[in-house]
Every structure is written in C-alpha cells, then in structure tokens.
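Please read the structure below before turning to the comments.
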Amino acid sequence: MQPTISVEEFQRFQCQLLDVREAQIQATDARLRAEARVKQLEAQVGELQTALTTAQASTQHSRVEQLIRDNALLLEKLQATESGFQLQSSTLREECTRLTAELDRLNSLLSRPRHDKMVQTMSLVSTNAQIQTDDPETPTSPFVPADSSAVLETIQDVEDHMESLIAFIKRNLEGKLTDLERRLEVELNAFRSRILERSVAENKLIAELKESRRCTQQARDLEQEARNQLAAVKNRSEKLTRELRRQLARVIRGTGDSERASLRKTSIYSSSSSLSSATNIPGNGTTTSGSLMNGDVCGATLRPPVDETSGGLFLSQSDIPAGFFPVADFKALVDRLSEVQEENCSLRRHVQRLDGELTAKTRALQVEIRNHLVSSHFGDTSDPISSGTSNENSSIISGPHARNVNGLFNPISSMFSSILKNHPVPTTLSSANLETVNRLKRMCENLLTENMRLSAELEGSRKSST
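Heads up: take any position in the sequence shown, counting from 1, add 231, and you land on this note's numbering.
Shown next as structure tokens:
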C-alpha cells in the first residue's frame with residue numbers, strides 16, 4: 232500500500248517551499264548587494280591607484296602611512312564583508328540542512344508502511360461486509376496523492392539550485408577578494424620599494440652634503456691659513472719698509488752732515504792758507520798747512536799746529552791782525568776737522584754696509600714672496616687665494632690694479648719726498664757721495680718696481696683663481 236499525505240502536511244510542505252523561495256530571494260538580494268559592494272570596492276581600488284600614482288611624485292612619509300592605513304581599513308572592510316557573506320552562507324547552509332533533514336524525515340514518513348491504519352481499515356471493511364452484504368467491495372489500498380513525487384522533486388531541485396547558487400556566490404566572492412588582496416599587496420610592495428629607493432637616495436644626498444660640508448670646512452681652514460700667511464708677509468714687508476725708511480733717512484742725514492762738514496773743511500782750508508800767507512810763519516806753519524792739505528781722507532788724526540811745546544812762535548791774540556782767526560779758534564777748527572773726517576769715513580763704511588744689507592733684504596723679500604705665491608698657487612688648486620687676499624689685504628688690493636699699487640706705494644713716495652724736503656742734498660756734493668745717493672735712489676726705484684710687479688702677479692693669480 233502507498234502512503235498518503237494529509238492536507239496539513241501538504242500545506243506545511245508548501246509553506247516550507249515558500250520559505251525556501253524567500254530565502255533564495257534574500258540570497259539573490261545579498262548576492263546583488265555583494266556585487267554592488269564589489270563594484271564599489273573596485274571603484275575605491277581605482278581611486279587608490281590614482282592616489283598612489285599621485286603619491287609617486289611625493290616623498291612624504293605621512294602620506295604613505297595614511298595610504299597604508301586606508302588600505303588596512305579597506306582590508307578590514309573586505310574582511311568584515313567576507314565574514315558577513317560567510318555568516319549569511321552559513322545561515323543559508325543551516326537552513327538548507329534543516330530543510331534537507333525535514334525532507335528526509337518526510338520521505339521516511341512517506342516510505343514507512345502504516346500497519347495500524349491498514350489493520351483498522353481491514354476491520355472496518357470486514358465489519359461493513361458483515362453488516363452490508365449487498366454493498367460492493369471496499370478498496371483496501373489507501374489514497375496516495377498524485378503530486379507528492381512532484382513536490383519532492385521540486386524541493387530537491389530548489390535545494391540543489393540553492394546549493395549551486397551559494398557555491399557560485401562564494402566562489403565569486405573568494406575570487407574577487409583574492410584578486411583585490413593580490414592587487415593591494417602588489418601596490419604595497421611597489422610603494423615599499425619606492426620608499427626604499429627614496430630612502431637610499433636621501434641617504435646618498437645626506438652623505439654628499441656631509442662631504443661638501445667637510446670640503447667647505449677644509450677650504451675655510453686653508454683660506455684662514457693663507458690669510459695668516461699673507462698677514463705675516465704683510466707684517467714682514469711693513470717692518471722691512473720701515474727699517475729701510477729709517478736707514479735711508481739716516482744715510483741721507485749722514486750724507487748731508489758729511490757734505491756740510493766738507494764745506495766747513497774747505498772754508499777752513501781757505502782760511503788757514505790765507506792766514507799762513509799773511510803771517511809768513513816759516514817751517515812749522517808750512518808743515519802744518521801741508522799736513523792739512525795732505526791729510527788722510529779715511530779719518531787719520533791730524534797733527535795739531537804749532538803750540539807752546541814745539542818751540543815754535545807763540546802768537547798772542549793781540550798780535551793777530553783784525554779779520555783773521557785767533558789761534559785757539561784755529562786749533563778748535565782743526566780738531567773738529569779731524570773728527571769730521573773720521574765721521575765721514577765711518578759714514579762711508581756704514582753706507583756701504585747698509586747698501587749690502589738693503590740688497591740682501593730686497594732679495595730675501597723677493598724670494599719669500601715668490602715662494603709664497605708658488606706654494607699658494609700649487610698647494611691647493613681648489614682653494615683660491617683671492618678669498619683671503621680680498622678680505623685681509625683690502626688696503627693693498629681692492630679695486631683697479633693701478634689704484635692698488637698707488638695706495639700701496641704712496642706712503643713710500645711721500646716718505647722719500649719728506650726726507651728730501653727735510654734733508655736737502657747740497658749742490659756741492661762730491662762725486663762719491665752723489666754716486667752713493669744715486670745708487671740708493673736706483674735701488675729704491677728698483678725695489679718699488681719689483682714690488683709693483685709682484686703685486687701685479689698677485690692680482691693676476693687672484694683673478695685666475697676666481
């Protein structure tokens with residue numbers, strides 16, 4: 232006998248089918264929402280790609296960190312969405328499992344034979360047969376609805392469709408989430424590589440900056456050293472110039488004194504000769520005047536004229552005619568003349584010594600300046616001397632070269648002019664003294680010319696170094 236389904240069971244099956252269809256509709260809506268969310272996430276990923284492209288030209292770590300945080304938030308949102316989908320899928324799976332269990336139970340109920348009902352039916356049939364013998368035989372087979380198998384097939388189809396739909400949605404979501412995670416991971420790796428490259432470039436620039444600062448410090452040290460050397464050379468030049476100025480003033484002063492002494496000596500010679508011819512002193516007087524005229528130029532002490540111890544003629548002041556020198560004055564003049572001759576010889580030797588010292592100092596100064604220029608020019612070609620000379624020796628080299636040279640040697644020219652004004656050279660100089668003075672002038676002119684040439688070389692080296 233086939234099992235029968237009551238109307239209540241059929242209605243319950245219809246309600247379950249409606250519930251399953253409603254769950255299918257909800258799952259479809261959830262799938263549509265998930266697809267919309269995926270599209271939104273794809274749009275956000277596109278915006279993130281645009282933002283990342285814009286951020287490639289920037290080196291701000293805060294912006295990169297903000298993008299990383301945004302990516303983390305998006306990942307959290309994706310994970311939350313995935314967990315929601317998984318929750319919905321698990322809920323649908325539980326519902327389908329429940330429905331499957333219910334269907335299995337119903338199938339078991341349908342397939343199980345109902346002996347009680349059949350016994351009751353048979354007893355009723357026998358009773359009716361005994362009571363009503365004329366009635367036709369009552370069929371013993373129970374009523375089986377014709378559409379029960381169709382309902383079961385429909386429920387099975389719905390269940391299969393729901394499972395396939397859930398599996399399809401899950402596969403799509405997992406694929407899209409995996410794709411998004413892969414893209415985000417690739418972009419994050421690209422950002423990390425760019426940040427690493429920029430960090431390396433920044434470290435390289437910092438190292439170059441430190442190296443340039445070190446080179447700048449070395450250049451400043453070399454500049455300071457060159458300034459100190461130039462200051463020392465300047466001080467030595469000034470000291471040498473002052474020493475030469477003092478020596479030249481002493482030489483000119485001594486030359487003037489010697490010339491004045493020679494003039495006095497000439498007047499004494501003329502006076503003594505006139506006195507000798509006027510008094511007609513024989514013997515000793517002639518010897519004295521001869522000794523005066525033939526005295527040694529180099530400072531030998533002249534013998535005094537006739538005095539009281541020589542046995543000569545003593546002349547009193549009353550015996551000397553008016554207009555002539557007294558004897559005491561004549562003796563003083565002769566003594567002074569000998570002293571002047573000695574001073575003249577010592578001055579000549581001093582002038583010769585000063586001439587040698589001036590030449591030696593000039594040569595030493597030239598050699599020192601040349602050595603300093605050569606060492607400064609070839610010592611460090613990367614460190615120009617002009618930075619030191621332009622600041623430390625601004626009083627010597629500033630502006631045009633002619634103005635620098637004039638500013639350097641105007642004090643020397645004014646010194647020579649003041650010396651020549653205060654100590655004029657007499658017009659009656661001897662040839663030896665005149666030659667000495669001319670030689671000194673030539674030496675001073677040569678020294679000035681050499682200094683001007685050295686200053687020009689220094690200016691040229693400064694311009695070439697700049």
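All residues carry an ideal CB built from backbone N, CA and C; glycine is no exception.
Owing to the predicted nature of the structure, the values given are computational and were not obtained by experimental measurement.
(request) Reducing DSSP to helix, strand and coil, say where T339 ends up. (result) The residue you asked about is not Thr; residue 339 is Ser in the sequence shown. Helix.
(request) Determine the direct distance from the alpha carbon of I437 to that of E676, and round the result to whole angstroms. (result) The alpha-carbon atoms of E676 and I437 are separated by roughly 57 Å.
(request) Quick one: measure Cβ to Cβ for L419 and N302, integer angstroms, because I've assumed they're closer than 8 Å. (result) That belief holds up - the Cβ atoms of L419 and N302 are roughly 7 Å apart, short of 8 Å.
(request) Can you grab the Cα-Cα spacing for the pair Q245 / T328, in whole Å? (result) For Q245 and T328, the gap between their C-alpha atoms comes out near 18 Å.
(request) Round the Cβ separation of V276 and L411 to the nearest angstrom and send it over; I've been treating them as touching at under 8 Å. (result) Contact between V276 and L411 holds, with the beta-carbon distance rounding to 6 Å and staying under 8 Å.
(request) Go ahead and pull the three-state DSSP assignment for S237. (result) S237 falls in the coil class under three-state DSSP.
(request) Compute the Euclidean distance between the alpha carbons of A258 and S314, then round it to the nearest angstrom. (result) Taking the straight line from one Cα to the other gives about 15 Å.
(message) I need the straight-line Cα distance from R414 to Q280, nearest angstrom please.
(response) So the alpha carbons of these two residues sit roughly 10 Å apart.
(message) Between K435, M683, K672, A254, which has its C-alpha nearest S321's C-alpha?
(response) With distances taken between Cα atoms, S321 lies closest to A254.
(request) Leaving out five residues on either side along the sequence, give the residues of the same chain with a beta carbon under 6 Å from the beta carbon of L685. (result) Listed in chain order, the non-local C-beta contacts of L685 below 6 Å within the same chain comprise I600, local neighbours out to five positions each way being set aside.
(request) Check whether the Cβ atoms of T331 and E390 sit closer than 8 Å, and answer yes or no. (result) Against a cut-off of 8 Å, the Cβ pair of E390 and T331 comes out as a contact.
(request) Measure the C-alpha to C-alpha separation of L585 and T472 and round it to an integer number of angstroms. (result) Answer to the nearest angstrom: the Cα atoms are 14 Å apart.
(message) Which runs of the beta strand (DSSP E) at least 3 residues long sit entirely within the stretch 270-329? Give them in chain order.
(response) Uninterrupted beta strand (DSSP E) stretches at least 3 residues long and entirely within the stretch 270-329 do not occur.
(request) Confirm, please, whether the CB-CB distance from T312 to R262 is below 8 Å. (result) No.
(request) With a threshold of 16 other CB atoms inside 10 Å of the CB of K470, please say whether the residue is buried or exposed. (result) By the neighbour-count rule (16 or more Cβ atoms within 10 Å), K470 is not buried but exposed.
(request) Give every residue of the same chain whose Cβ lies closer than 8 Å to the Cβ of L323, excluding the five residues on either side of it in the sequence, and list them in chain order. (result) Excluding its 5 nearest sequence neighbours in each direction, L323 has C-beta neighbours in its own chain below 8 Å: A254, A258, M393, I397, listed in chain order.
(request) Can you have a look at N682 and say buried or exposed, based on whether 16 or more other CB atoms are within 10 angstroms of its CB? (result) Result: buried.
(message) Considering Cα atoms alone, identify which of Q297, N575, L453, L568 is closest to G485.
(response) The candidate whose alpha carbon is nearest that of G485 is N575.
(request) Can you give me the Cβ contacts of Q363 inside the same chain, cut-off strictly under 7 Å, excluding the 5 residues immediately before and after it? (result) Annotation note: pLDDT 45 at Q363 (below 50); position unreliable, coordinate value reported separately. Answer for Q363: no residue qualifies.
(request) Would you kindly work out how many angstroms separate the C-alpha atoms of R423 and E442, rounded to a whole number? (result) Straight-line spacing of the CA atoms in R423 and E442 works out to 28 Å.
(message) Measuring alpha carbon to alpha carbon, tell me which residue in L678, E666, D488 is nearest V598.
(response) Between V598 and the set L678, E666, D488, the nearest pair of CA atoms involves L678.
(request) Determine the contact status of L309 and L283, defining contact as a CB-CB distance below 8 Å. (result) The answer is no: Cβ separation not under 8 Å.
(message) Determine whether the beta carbon atoms of A265 and L404 lie at a separation below 8 Å.
(response) The answer is yes: Cβ separation under 8 Å.
(message) If contacts are defined as beta-carbon pairs under 8 Å, then S493 and L596 qualify, I think. What distance do you get, rounded to the angstrom?
(response) Contact doesn't hold; Cβ gap of about 35 Å is too wide.
(message) Here's the rule: buried if 16 or more other CB atoms are within 10 angstroms of the residue's CB, otherwise exposed. What is F316?
(response) Residue environment analysis places F316 among the buried positions, since at least 16 neighbouring C-beta atoms fall within 10 angstroms of its C-beta.
(request) Express the C-alpha separation of R336 and L248 in angstroms, rounding to a whole number. (result) When rounded, the distance between both Cα atoms is 15 Å.
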